[in-house]
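Below is one structure, written out as structure tokens, with a few remarks after it.
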Amino acid sequence: MACRPERNRGAGIAERRSGRLVDWLGRLVRRLIPTRDPDLAETILAQTGELIRVVDREGRIEFLNAALAARLGCPPGKLLGVSLFDLLEEDGGEGDVDAVALEQALGREHPLRGRIHSRFPGGERLHEDWEVRPLVDADGTARRFLITGRELGARGGERRCPHHLLQLPQEGVHCELERNLERAGIGLVTTDDHGMVRSSNQAARTMLVGGADLPESPALWSHVLTTLDPENGFPLLSARDPIRRALRGEAVENAEVEVATSVGQRRLKINGGSSPEPSGADRALVVLQDITEFRGTMDALAASEARFRGMTANLPGAVFEVWAGQDGFPRFRFLSEGAKELFERPSQAIVAEPGVFSSLLDVRDSERFTETMHHSAQTGTVWNWEGRLRFGQRRVKWINWRAIPRPEQDGPVWYGVALNITESREATDELARMRDRLRELHASREEVQEAERKAIAREIHDELGSQLTVVKMNAASLVQQSEGLSERSREQVEAMSSLVDQAIETMRRVAAELRPRILDDFGIVAALKWRATDFERHSGIAIDLTTPVEESTVPPSLETTLYRVFQEALTNIAKHSAATQVDAVLEEREGRVVLCIRDNGVGFALESLDDSHHNGIFGMRERVIAHGGEFEINGAPDRGVVLCIRIPLARRE
Numbered sequence: 002m003a004c005r006p007e008r009n010r011g012a013g014i015a016e017r018r019s020g021r022l023v024d025w026l027g028r029l030v031r032r033l034i035p036t037r038d039p040d041l042a043e044t045i046l047a048q049t050g051e052l053i054r055v056v057d058r059e060g061r062i063e064f065l066n067a068a069l070a071a072r073l074g075c076p077p078g079k080l081l082g083v084s085l086f087d088l089l090e091e092d093g094g095e096g097d098v099d100a101v102a103l104e105q106a107l108g109r110e111h112p113l114r115g116r117i118h119s120r121f122p123g124g125e126r127l128h129e130d131w132e133v134r135p136l137v138d139a140d141g142t143a144r145r146f147l148i149t150g151r152e153l154g155a156r157g158g159e160r161r162c163p164h165h166l167l168q169l170p171q172e173g174v175h176c177e178l179e180r181n182l183e184r185a186g187i188g189l190v191t192t193d194d195h196g197m198v199r200s201s202n203q204a205a206r207t208m209l210v211g212g213a214d215l216p217e218s219p220a221l222w223s224h225v226l227t228t229l230d231p232e233n234g235f236p237l238l239s240a241r242d243p244i245r246r247a248l249r250g251e252a253v254e255n256a257e258v259e260v261a262t263s264v265g266q267r268r269l270k271i272n273g274g275s276s277p278e279p280s281g282a283d284r285a286l287v288v289l290q291d292i293t294e295f296r297g298t299m300d301a302l303a304a305s306e307a308r309f310r311g312m313t314a315n316l317p318g319a320v321f322e323v324w325a326g327q328d329g330f331p332r333f334r335f336l337s338e339g340a341k342e343l344f345e346r347p348s349q350a351i352v353a354e355p356g357v358f359s360s361l362l363d364v365r366d367s368e369r370f371t372e373t374m375h376h377s378a379q380t381g382t383v384w385n386w387e388g389r390l391r392f393g394q395r396r397v398k399w400i401n402w403r404a405i406p407r408p409e410q411d412g413p414v415w416y417g418v419a420l421n422i423t424e425s426r427e428a429t430d431e432l433a434r435m436r437d438r439l440r441e442l443h444a445s446r447e448e449v450q451e452a453e454r455k456a457i458a459r460e461i462h463d464e465l466g467s468q469l470t471v472v473k474m475n476a477a478s479l480v481q482q483s484e485g486l487s488e489r490s491r492e493q494v495e496a497m498s499s500l501v502d503q504a505i506e507t508m509r510r511v512a513a514e515l516r517p518r519i520l521d522d523f524g525i526v527a528a529l530k531w532r533a534t535d536f537e538r539h540s541g542i543a544i545d546l547t548t549p550v551e552e553s554t555v556p557p558s559l560e561t562t563l564y565r566v567f568q569e570a571l572t573n574i575a576k577h578s579a580a581t582q583v584d585a586v587l588e589e590r591e592g593r594v595v596l597c598i599r600d601n602g603v604g605f606a607l608e609s610l611d612d613s614h615h616n617g618i619f620g621m622r623e624r625v626i627a628h629g630g631e632f633e634i635n636g637a638p639d640r641g642v643v644l645c646i647r648i649p650l651a652r653r654e
């Protein structure tokens, strides 16, 4: 489109051309803002002499062009964010635009025309003839509004051309716009009312033909139009092709076509329509954008997304992207198809409505869900959660939730997977119940065995002990009366007396092993000291036992467990440790009774224990756990072994 300077023919001509220019800009901006980069439209608007603003639905200024900023004598950034309603003067005349009319236009997305009077922060007043137009996005919603102002003289006075237009001829404005469009890669083509091409810029010629620096000529456009005509052997485009329709002046918006050029296939986006001339005739304006690379990128992205969806659809569970909004409530941005089976809701419904997922969280686990999310957001660590989703009154699913966070300006975003672990969790719970039942059975068996040991020990001590005592007394009497016996008979009586003494000693030892009477008669401290002395006498291993605990604080229900653990530990030391020193402590600490036993023997690695060790350790552990206690054993080769048990003190009996 050639740039031919034209002489100024007076304010009236300039004013009419200014109005046509703004009409043309309005159509162009409505097509560019929702389909391309908004900054491109602002670059174009910055070059025109009209007083132009772009505002949001609340009337806040998002953009003002250079002409308006120069008129007010302030940098554009100073007015960004300022509300139009704060600038309006309320004492306008009849027919002037007031705040109510402006609010209705912005709220209902309606065009608005009329005079406006405003005062700016620097004290500058403007009297303008306004035209407010909604800029509709691709989704059909107007989030921005283009306000074109033509400054008036005194209030209600004659309209005058903006000062910038007086300095720059109208054709110069077109040339400046064309240069900006050329740099932005926007192609422009105009035709007359007969459909003949009047002018075009280099970008348009390059898009439709290919090559650079192509001169504008009738022959060139004859070639282009012939190429586009399927009747001449080039069936690239149909008779209703958007380019041909736009060149004829038909309204075309955001149409995409492919054309064959000397540099290969190109994909173009077409916008076009008619633009009135001063003579009253119509001409067609066609705007072309080369979106070949953009569409290729989008196609590659769509293919990649299709592959990703295909892979995630075959994964167990649900793959998700979750964003924590400003209110801290999680919202799904993406959910794979597996979510439908897992959550029993369509993925689209969960993404669209955050409350759908939250309504499934079991009240027993929902608080933990939020806590783990906040912890992950604050620390940048993996978000781990296991909990229940409830479906109806009785049915639940156990979910394992694992996601990696990524910080973003509006809040962290997590990428992760949710798995259905209901079967494994139920199996684990069942195993735990079986383990608890086994412990109950083991504890019950131990109680029965202790009762039997106690009964047998008492029977041995009372019955067998008394009988052996009688035998010993009779043997002693025989010894005293052995003077009349032969030497051989006297030796037999003395041997019998010695055997009776050994039998009594064996009886006492067996009874003590079954159940030491000292434990029932004098308590745990005395029983441990007796056991320590007996151990040192029989094994030759020195033992240091410390009992800084008041015996009355240990309930009888725990005394048997403490004694049996102590007994088993000393037995293991005597058999396996080759120790020379044992240290043991029985004390009360923080409401628990603590028994620790340490030796300086050869030690062992826990994983190398044989069954004989395992059985003894298992028995000690089960006794302690039955009372809600803790069992800990640590060992290492050549470093000895340390065994500690901690049992909460029950109510004193």
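Each position in the sequence shown, counted from 1, maps to that position plus 1 in the numbering used here.
Cβ atoms here follow ideal geometry from the backbone N, Cα and C, with glycine treated the same way.
Source: prediction; values computed, not measured.
Residue closest to residue i, alpha-carbon to alpha-carbon, out of the options
{"i": "R249", "options": "V352, A256, V258 and V287", "result": "V287"}
{"i": "S263", "options": "T554, E254, A247 and L209", "result": "L209"}
{"i": "G641", "options": "V583, G108, E453 and I648", "result": "V583"}
{"i": "A579", "options": "N601, P347 and G108", "result": "N601"}
{"i": "P649", "options": "G620, G636, T554 and G617", "result": "T554"}
{"i": "L587", "options": "A71, T548, E368 and N255", "result": "T548"}
{"i": "R622", "options": "V253, E409 and I646", "result": "I646"}
{"i": "A70", "options": "G123, R109 and L316", "result": "G123"}
{"i": "I574", "options": "I525, W531, K79 and V643", "result": "V643"}
{"i": "A637", "options": "R434, R334, D87 and R599", "result": "R599"}
{"i": "V253", "options": "E259, R245 and Q450", "result": "R245"}
{"i": "F321", "options": "T581, S337 and R308", "result": "S337"}
{"i": "G329", "options": "T373, D300, F344 and F335", "result": "T373"}
{"i": "A452", "options": "L88, E90 and L515", "result": "L515"}
CB contact flag (residue i, residue j, <8 angstroms)
{"i": "E152", "j": "L52", "result": "yes"}
{"i": "S119", "j": "L127", "result": "yes"}
{"i": "I400", "j": "G417", "result": "no"}
{"i": "V323", "j": "R310", "result": "no"}
{"i": "K398", "j": "T371", "result": "no"}
{"i": "R369", "j": "W386", "result": "yes"}
{"i": "L529", "j": "L546", "result": "yes"}
{"i": "L103", "j": "R58", "result": "no"}
{"i": "D300", "j": "G186", "result": "no"}
{"i": "V83", "j": "R109", "result": "no"}
N- and C-terminal bounds of the beta strand (DSSP E) containing residue i
{"i": "L65", "result": "I62 to L65"}
{"i": "R396", "result": "R396 to R407"}
{"i": "A353", "result": "Taken as a continuous stretch (DSSP letters only), A353 belongs to no beta strand (DSSP E), being part of the alpha helix (DSSP H) at S348 to A353."}
{"i": "P135", "result": "R126 to V137"}
{"i": "Q582", "result": "Q582 to R590"}
{"i": "V594", "result": "R593 to D600"}
{"i": "A496", "result": "From DSSP, A496 is part of no beta strand (DSSP E) but of the alpha helix (DSSP H) over E488 to L515."}
{"i": "A543", "result": "A543 to T547"}
{"i": "E152", "result": "A143 to E152"}
{"i": "G115", "result": "L113 to R120"}
{"i": "S337", "result": "Careful: S337 lies outside any beta strand (DSSP E) and carries neither H nor E."}
Residues near residue i in its chain [Cβ-Cβ closer than 8 angstroms; skip 5 each side]
{"i": "R199", "result": "T191, T192, D193 and R284"}
{"i": "L465", "result": "M508"}
Spatial neighbours of residue i in its chain, beta-carbon cut-off 6 angstroms, leaving aside the 5 residues before and after
{"i": "I505", "result": "L469"}
{"i": "L289", "result": "G188, A205, M208 and L269"}
{"i": "A419", "result": "G318, A319, I400 and W402"}
{"i": "T149", "result": "V23, E51, I53 and E132"}
{"i": "H164", "result": "Confidence in H164 is poor, its pLDDT being 31 and thus under 50, which makes the residue's placement unreliable; the coordinate value appears in the next sentence. Answer for H164: no residue qualifies."}
{"i": "T36", "result": "With a pLDDT of 40 at T36, under the threshold of 50, the modelled position of this residue cannot be trusted, and the question is left open."}
Residues of its chain near residue i, where Cβ-Cβ distance is below 7 angstroms and the 5 sequence neighbours each way are ignored
{"i": "Q168", "result": "Any answer about Q168 is weak, because its pLDDT of 31 lies below 50 and its placement is not dependable; what the coordinates show is given next. Hits under 7 angstroms: none found."}
{"i": "H477", "result": "Before going on, a small fix: residue 477 reads as Ala here, not His. Only S498 meet the Cβ criterion."}
{"i": "G326", "result": "R332 and G412"}
{"i": "G604", "result": "G636, A637, P638, D639, R640, G641 and V642"}
{"i": "I457", "result": "L515"}
Chain C contact for residue i (CB, 8 angstroms cutoff)
{"i": "A528", "result": "Absent here is chain C; the protein component of the structure consists of one chain."}
Range covered by the alpha helix (DSSP H) that runs through residue i
{"i": "T371", "result": "S367 to T380"}
{"i": "R58", "result": "No alpha helix (DSSP H) contains R58, which DSSP labels as neither H nor E."}
{"i": "N573", "result": "P557 to N573"}
How about the stretch 628-637 and the stretch 590-606: do they share at least three Cβ pairs that are nearer than 8 angstroms? yes
Assess contact between the stretch 390-399 and the stretch 353-364, defined as three or more Cβ pairs (one per stretch) separated by less than 8 angstroms. Is contact present? yes
Are the stretch 518-534 and the stretch 563-582 in contact at 8 angstroms, needing three or more beta carbon pairs? yes
Would you say the stretch 365-384 touches the stretch 408-415, given that touching needs at least three Cβ pairs under 8 angstroms? yes
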